[in-house]
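Colleague:
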């Protein structure tokens, strides 16, 4: 494919970072955002003040809030929060989009659908790949070495996308486990909230590493019950993304957990940010999925109780630590 | 077993922490160290100033440098750096030790033996378990929730040890994969050095998460070639220990890597610490093992070149990032 012209749908931190990356490779980039006012600011200030502050956006990147401007692109990169994905894609139905790379990480509440399922449902017969991995946007935007996985059931399309995204500082691996890559990217946010709660309670890296390890076990278990491959969860889009999300000071999901560990309620925390914290809704979806597939997810269950039932976070950790002793 | 009287062999940070933990459970603890002068300080100051500063050691814990004082204990906990293990155990041969829990993490240079193999070689027919997991000593000593795995080929002995160590803040799982638990505990230190180098170069959590993920893949590969189970490497003594070692400001192996990433040589760094940094020697052993078992270990190989051949760390990372693109 030629891929001369690439559309980015979504003006968050990660969409903007990918716009920068692809622009640096010589592609013609048009980035679309839903709010005309904010798009005008992006275009004039050449900085995404809310979601990627401090990073200069070159003149060559086009910004628009007009769907017509996204006609006839070679590739569409979708970078919209999961709970808004359906609403946004409805606007793009008329465009006959041929190829999509999804950056969206989450599971739709209610339908329990993965991003690629929503894309297929709304856009029909398109090639879809999911790009995921340990990639905090402001690090990638500053040229910090980053690795990701690009998954598609169409392995030729995955390889084409690999060519599009690959740079010396952005290493892309391919995978054919679309289900596993999407579930890993979504479910890791629950565990990152748990890791943040541990930070907020003043616990150390021992506790966080235990949460990360046992958390990976339970999200892998759910993934496998849903048809994903175990290996994917041990890879960049599973363990890798989980690790960076649990470690980074800039991860919103970890941050939200930390605030809750310090004693705030979910409402307090969400009221103070314009950011979408994917893990909050994903926790809800994952609890439903764990029941549906009859998979034990003790950490996810406790996080659900902490977020939605105002369970005391310290009690939640103690209960996890004092389950009956057993084999690993 | 009664386990009324427990001997701790080794006066480092982790041996001291385990002494504290077991003392809090009501066991009679005698901690042995090789240097009489330092043992006298431990005993009088009631603080391990070099290796566990700031933590009060109760009067009930006995300190000794006399091997005779370790006669007829019910359980022996060995907490000696791997390269000194053989030398220390030679002194204890006459004691007819029945049961050993090893806390030692490393692979002996030259013989390429695991701690339990050295213990068997020197002490003959003893029950052996290895205790390992994400457990930075000064966190565990301060009561931070910690989880570990206790592995033995004798599953009844593993369960007995679980009873001995378990507290509300120290959760112990059992395993029968002694090989996997020992190799995970040793090999993770190489990857932690790599993670530290990334920190020292000013890279972010994206890079560190990638190193952790790809590092786990290669140490798992070697472990499996040596008879370990893959699952063990995804557990607390593999991934868990790796994660805490890569994250913690207090991990010596990560710290050594960070200093090297900032431009120091191995000699500079080791000259400035009394601590044993296990990963340095383990890197050497692992390179030999990877050749012996014909297993590809690209990160380990680069760390070897950085540590022992003065390869530039930035070049090492760039070479890892620009290997030919491929499937994950």
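Chains as they are written, first to last, in the working numbering: chain A, 1 to 328; chain B, 329 to 656.
All C-beta atoms in this analysis are idealised placements derived from N, C-alpha and C, irrespective of residue type, glycine included.
In this text, all values refer to a predicted model and were calculated from it rather than measured experimentally.
1) Could you confirm whether any beta carbon from chain C is found closer than 9 angstroms to the beta carbon of residue 224 (chain A)?
2) Check the Cβ of residue 140 (chain A) against every Cβ in chain B and list those closer than 8 angstroms, keeping chain order.
3) Go ahead and pull the three-state DSSP assignment for residue 157 (chain A).
4) Find out if the Cβ-Cβ distance for the pair residue 62 (chain A), residue 95 (chain A) is shorter than 9 angstroms.
5) What residues match up with residue 52 (chain A) in a beta bridge as DSSP calls it?
6) Taking any Cβ of chain A, which residues in the stretch 588-611 of chain B have a Cβ under 9 angstroms from it, in chain order?
7) Give me the chain B residues within the contact set of residue 317 (chain A), using Cβ-Cβ distance strictly less than 9 angstroms, ordered along the chain.
8) Just to confirm, is the Cβ distance from residue 275 (chain A) to residue 533 (chain B) under 9 angstroms?
9) Against residue 499 (chain B), what residues of chain A qualify as contacts under a CB-to-CB distance less than 9 angstroms, listed in chain order?
10) For the beta strand (DSSP E) that contains residue 132 (chain A), what are its first and last residues?
11) Just verifying my parser: in three-state terms, what is the DSSP assignment at residue 202 (chain A)?
12) So, for residue 483 (chain B): in the same chain, excluding its five sequence neighbours on each side, which residues have a beta-carbon less than 8 angstroms away from its beta-carbon?
13) Residue 586 (chain B): buried (16+ other C-beta within 10 angstroms of its C-beta) or exposed?
14) Going by the CB atoms, is the gap between residue 316 (chain A) and residue 347 (chain A) shorter than 9 angstroms?
15) Which residues in the same chain as residue 497 (chain B) place their Cβ atom closer than 6 angstroms to its Cβ, once the five residues preceding and following it in sequence are excluded?
16) If you scan the stretch 135-179 of chain A from start to end, which runs of the alpha helix (DSSP H) of 4 or more residues do you find wholly inside it?
17) For residue 510 (chain B), count the other beta carbons within 10 Å of its own beta carbon; 16 or more makes it buried, fewer makes it exposed. Which is it?
18) Please state whether the Cβ-Cβ distance between residue 648 (chain B) and residue 542 (chain B) is less than 9 angstroms.
19) Spatial neighbours of residue 552 (chain B) within its chain, please: CB distance less than 7 angstroms, with the 5 preceding and 5 following residues excluded, ordered by chain position.
20) Who pairs with residue 7 (chain A) in a beta bridge, going by DSSP?
21) Please confirm whether residue 63 (chain A) has its beta-carbon closer than 9 angstroms to some beta-carbon of chain B.
22) What does residue 477 (chain B) touch in chain A if you count any residue whose Cβ is under 7 angstroms from its own?
23) Measure from the C-beta of residue 564 (chain B) to each C-beta in chain A and report whether the shortest distance is under 9 angstroms.
24) Does the stretch 277-288 of chain A come close enough to the stretch 182-195 of chain A that 3 or more CB-CB pairs lie under 8 angstroms?
25) For the pair the stretch 339-346 of chain B and the stretch 359-376 of chain B, tell me if three or more CB-CB distances fall below 8 angstroms.
26) Give the DSSP-derived three-state secondary structure of residue 535 (chain B) in the structure shown.
27) Alpha carbon to alpha carbon, how far is residue 185 (chain A) from residue 134 (chain A)? Give it in angstroms, no decimals.
28) Please tell me whether residue 246 (chain A) has its Cβ less than 9 angstroms away from any Cβ of chain B.
29) Chain B partners of residue 129 (chain A), CB-CB under 8 angstroms?
30) What is the residue span of the beta strand (DSSP E) that residue 392 (chain B) lies within?
31) Check whether the stretch 385-399 of chain B touches the stretch 439-450 of chain B, taking contact to mean three or more Cβ pairs, one atom from each stretch, closer than 8 angstroms.
32) Please report the straight-line C-alpha distance between residue 60 (chain A) and residue 303 (chain A), rounded to a whole angstrom.
33) Using DSSP with H/G/I as helix, E/B as strand and the rest coil, what is residue 275 (chain B)?
34) When you compare only the Cα positions, how much space is there between residue 420 (chain B) and residue 367 (chain B)?
35) Check whether chain B comes within 9 angstroms of residue 239 (chain A), counting only Cβ atoms and requiring the distance to be less than that.
36) Taking the straight line between their C-alpha atoms, what separation do you get for residue 347 (chain B) and residue 618 (chain B)?
Modeller: With the given structure in hand:
1) Given the protein chain composition of this structure (A and B), no chain C is represented.
2) The residue labelled residue 140 (chain A) in the question sits at position 140 within the first chain. Ordered by position in chain B, the residues that pass the 8 angstroms Cβ test against residue 140 (chain A) are 534.
3) Counting from 1 along the first chain, the entry for residue 157 (chain A) is found at position 157. It is helical.
4) For this step, residue 62 (chain A) is matched to residue 62 along the first chain. For this step, residue 95 (chain A) is matched to residue 95 along the first chain. Not in contact: residue 62 (chain A) and residue 95 (chain A) (Cβ atoms no closer than 9 angstroms).
5) In the first chain, the residue the question calls residue 52 (chain A) occupies position 52. Its beta-bridge partners are A:48.
6) none
7) On the first chain, position 317 is the one that residue 317 (chain A) refers to. Simply 473.
8) Taking the first chain and counting its residues from 1, one reaches residue 275 (chain A) at position 275. Taking the second chain and counting its residues from 1, one reaches residue 533 (chain B) at position 205. Going by C-beta atoms, residue 275 (chain A) is not nearer than 9 angstroms to residue 533 (chain B).
9) If you number the second chain from 1, residue 499 (chain B) lands on position 171. Ordered by position in chain A, the residues that pass the 9 angstroms Cβ test against residue 499 (chain B) are 210, 320, 321, 322, 323 and 325.
10) Looking up residue 132 (chain A) in the first chain gives position 132. Unbroken beta strand (DSSP E) run through residue 132 (chain A): 127-132.
11) Here residue 202 (chain A) is taken as the residue at index 202 of the first chain, counted from 1. Residue 202 (chain A): coil per DSSP, three-state reduction.
12) By one-based count along the second chain, residue 483 (chain B) stands at place 155. Cβ neighbours of residue 483 (chain B) beyond the five flanking positions: 502 and 504.
13) Position 258 of the second chain, counting from 1, holds the residue named residue 586 (chain B). Classification of residue 586 (chain B): buried, given that the 10 Å Cβ count is 16 or more.
14) Nothing about residue 347 (chain A) can be reported from this structure: the residues present for chain A run from 1 to 328 only.
15) Translated into the one-based positions of the second chain, residue 497 (chain B) becomes position 169. Hits under 6 angstroms: 471 and 473.
16) 137-141 and 155-165
17) In the second chain, the residue the question calls residue 510 (chain B) occupies position 182. So residue 510 (chain B) ends up on the buried side.
18) Taking the second chain and counting its residues from 1, the one referred to as residue 648 (chain B) is at position 320. Taking the second chain and counting its residues from 1, the one referred to as residue 542 (chain B) is at position 214. Contact: yes.
19) Along the second chain, read from residue 1 onward, the residue named residue 552 (chain B) stands at position 224. 558, listed in sequence order.
20) In the first chain, counting from the first residue as 1, residue 7 (chain A) sits at position 7. Paired residue(s): A:30 and A:76.
21) What you label residue 63 (chain A) is simply residue 63 of the first chain in a count that begins at 1. Not an interface residue.
22) Translated into positions along the second chain, residue 477 (chain B) becomes position 149. Chain A residues near residue 477 (chain B): 328.
23) For this step, residue 564 (chain B) is matched to residue 236 along the second chain. True, the Cβ-Cβ gap to chain A drops below 9 angstroms.
24) yes
25) yes
26) Locating residue 535 (chain B) in the second chain gives position 207, where the first residue counts as 1. Three-state DSSP puts residue 535 (chain B) in a helix.
27) Locating residue 134 (chain A) in the first chain gives position 134, where the first residue counts as 1. Locating residue 185 (chain A) in the first chain gives position 185, where the first residue counts as 1. Each residue's alpha carbon lies about 9 angstroms from the other.
28) Working through the first chain from its first residue, we reach residue 246 (chain A) at position 246. Yes, its Cβ sits closer than 9 angstroms to a Cβ of chain B.
29) Working through the first chain from its first residue, we reach residue 129 (chain A) at position 129. Near residue 129 (chain A) there are no residues of chain B at all, since even the closest Cβ is about 13 angstroms away, more than 8 angstroms.
30) The count along the second chain starts at 1 and reaches residue 392 (chain B) at position 64. From DSSP, the beta strand (DSSP E) with residue 392 (chain B) extends over 390-392.
31) no
32) Stepping through the first chain from its first residue, residue 60 (chain A) is reached at position 60. Stepping through the first chain from its first residue, residue 303 (chain A) is reached at position 303. Going from the Cα of residue 60 (chain A) to the Cα of residue 303 (chain A) covers about 44 angstroms.
33) Since the first residue shown for chain B is 329 and the last is 656, residue 275 (chain B) is missing from the structure and cannot be characterised.
34) On the second chain, residue 420 (chain B) is found 92 positions in, with the first residue counted as 1. On the second chain, residue 367 (chain B) is found 39 positions in, with the first residue counted as 1. Residue 420 (chain B) and residue 367 (chain B): Cα-Cα distance of roughly 18 angstroms.
35) What you label residue 239 (chain A) is simply residue 239 of the first chain in a count that begins at 1. So yes, residue 239 (chain A) belongs to the interface.
36) Against the second chain, residue 347 (chain B) aligns to sequence position 19. Against the second chain, residue 618 (chain B) aligns to sequence position 290. Roughly 36 angstroms separates the two Cα atoms.
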